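J.: Under numbering that gives the first Met the number 0, think of the first position of the sequence shown as 0, with each following residue one higher.
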Amino acid sequence: MSVFWFRSFGGRHAFRSALLVTVLFLTASFCFADSQGDNIVSSSVVIESKGDGGIKIGGRKFLVTEATRIFDLLGKSIPICDLPVPSEAVVEYIAVDDKEPECLKIEVTRLLRNSEIGPKSKDSD
0 MSVFWFRSFG
10 GRHAFRSALL
20 VTVLFLTASF
30 CFADSQGDNI
40 VSSSVVIESK
50 GDGGIKIGGR
60 KFLVTEATRI
70 FDLLGKSIPI
80 CDLPVPSEAV
90 VEYIAVDDKE
100 PECLKIEVTR
110 LLRNSEIGPK
120 SKDSD
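Written out as structure tokens, the structure is:
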């Protein structure tokens, strides 16, 4: 179907033009993303504690903003005060050079022993 479509609009030159535009668009988007200096990363982690506008993972603070989406074990959206800690979660965040990572999404996958839900659990330095 797509081959016939290209032939009806100029043959193989239209196909080459469409391919060239696609390659240029993808190259430009990668260059723009690299120039911003940030990466979106998603990984399975253990959230050790929360408080002071963030969560602690591996001894490092990750910022949690109003834009951060947080989901419990059932996939229900929850506020950070209802985030159980310690817990395992898949965290999607923006890694920026020389700054604290900013969480975009937190999905709790498993509660760990002594998990607590409350405004603050442990002290987050």
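Yeah, the Cβ is synthetic: ideal placement off N, Cα and C, and Gly gets one too.
This structure is a prediction, so every number in the text was calculated from the model and none was measured.
Using the DSSP secondary-structure output, state which residues sit across from residue 48 in a beta bridge.
T.: Paired residues: 55.
J.: Would residue 84 and residue 114 be called neighbours here (beta carbons separated by less than 8 angstroms)?
T.: Result yes, Cβ atoms of residue 84 and residue 114 sit closer than 8 angstroms.
J.: Give the secondary structure of residue 79 by DSSP, where H, G and I count as helix, E and B as strand, and everything else as coil.
T.: In the structure shown, residue 79 sits in a helix (DSSP, three-state: H, G or I).
J.: Quick check on the DSSP output: the beta strand (DSSP E) that includes residue 66 runs from which residue to which?
T.: Unbroken run through residue 66: none, as it is neither H nor E.
J.: Whole angstroms is fine: what's the gap from residue 73's alpha carbon to residue 111's?
T.: One C-alpha to the other measures close to 16 angstroms.
J.: Which first and last residues belong to the beta strand (DSSP E) in which residue 85 is found?
T.: First-last of the beta strand (DSSP E) with residue 85: 84–95.
J.: With burial defined as no fewer than 16 other Cβ atoms inside 10 Å of the residue's Cβ, what is the status of residue 86: buried or exposed?
T.: Buried is the call here.
J.: Taking residue 46 as the reference, which of 75, 98 and 91 has the closest Cα?
T.: Answer by Cα proximity: 91.
J.: What's the gap between the Cα of residue 71 and the Cα of residue 97?
T.: Roughly 30 angstroms between the two C-alpha positions.
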